[in-house]
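Colleague: Numbering-wise (the UniProt record's numbering), the sequence shown opens with residue 1 and increments by one.
Beta carbons: idealized from backbone N, C-alpha and C, even for Gly.
My structure is below; once you've seen it, I'll send some questions.
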Amino acid sequence: MKVALVQVASPDGETQAERIARVEQTLRGLNGVDLIVLPELWSAGYFHFDDYASLAETMDGPTVTMCSRVARDLQAHVHLGSIVETSGNGQLKNTSILLSPEGRVIHSYSKVHVFGYQSLESKLLTPGSALPVVQTPFGRVTGTTCYDLRFPGLWMELSKRGVELVIVPAAWPAARREHWRLLTSARALEHQIFVLACNAVGEQAGVTLGGHSRVVDPSGVVLAEAGDEEEVLIVDIDPDQVRATREEFPVLADRLPAYDHLTN
Ligand SMILES: O=C(O)CCC(=O)C(=O)O
């Protein structure tokens, strides 16, 4: 199965409508790909905090509508990264969305760990409260978003829920690129899953985004890694590799359900 990770820049002067039109052109060049993945909040721009309220979208807003059209036209799954989602009750969330080749929303996940270090996300957005998993041709899939990578308890939980492939849209700054590399590799290796981690690039409000989107296999091998410019990373993955890896080295069978029974 061919997956394509699309690194997007969200420069300060570009409007959301211009960016959506520009990215649509890139996506339309990806004929023959089975799954397309985009970064976190690329259409609003993660670090454009002043725009969150005005660019917040519903599930049929401009970002979802464009990606759903592309999914149908290319007959591909599209993980659109995430949007600032408004559900009408005054709360805004950082919600990632997976679309089927029919253009239907088949999975959504609102970021649980909103980020507060040199970021207003934790002030402006409400954390999610669900961790749904969906069966797809790529195996059992869920998403976690950017900062969520740092929290092993969340990953332990998704692992317990039988996940085989995790999509990680991100707006991870270049300043902490080695953390990004280490955590994406470690999460794949420790849970014997595929990690498709798609990061933003370019400058936003004075912050340089790190790029280096990565596809890591269930043995922790990095199948491909992008650079730090706009780029499409296309990789072949075999979803059956999850089962094969776990059969060959059945470490997950030795994991205890909890460790808090251990005495001091
Ligand atoms: O954890 C980090 O270093 C980056 C997190 C981040 O930028 C985000 O969650 O959007």
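(1) Thinking C-beta only, is residue 47 closer than 8 Å to residue 204?
(2) Identify whether residue 123 lies in helix, strand or coil by the three-state DSSP scheme.
(3) Output the distance between the C-alpha atoms of residue 27 and residue 126, rounded to the nearest integer angstrom.
(4) Compute the distance between the beta-carbons of residue 81 and residue 169, then report whether it is under 8 Å.
(5) Going by DSSP, what residues sit across from residue 222 in a beta bridge?
(6) Which of helix, strand or coil does DSSP assign to residue 64?
(7) Which residue comes first and which comes last in the beta strand (DSSP E) that contains residue 139?
(8) Could you tell me the distance, in whole angstroms, from the CA atom of residue 243 to the CA atom of residue 54?
(9) At the level of alpha carbons, what is the spacing between residue 198 and residue 261?
(10) Do residue 178 and ligand 1 come close, with the Cβ less than 7 Å from some heavy atom?
(11) By Cβ distance below 8 Å, which residues in the same chain neighbour residue 92 in space, the five residues on each side in sequence not counted?
(12) Do you know offhand how far residue 240's Cα is from residue 41's?
(13) Indicate the three-state DSSP secondary structure (helix, strand or coil) for residue 169 in the structure shown.
Modeller: Inspection of the coordinates gives the following:
(1) yes
(2) helix
(3) 30 Å
(4) yes
(5) 216
(6) helix
(7) 139-143
(8) 45 Å
(9) 38 Å
(10) no
(11) 52, 53, 56, 84, 85, 86, 124, 125, 126
(12) 31 Å
(13) strand
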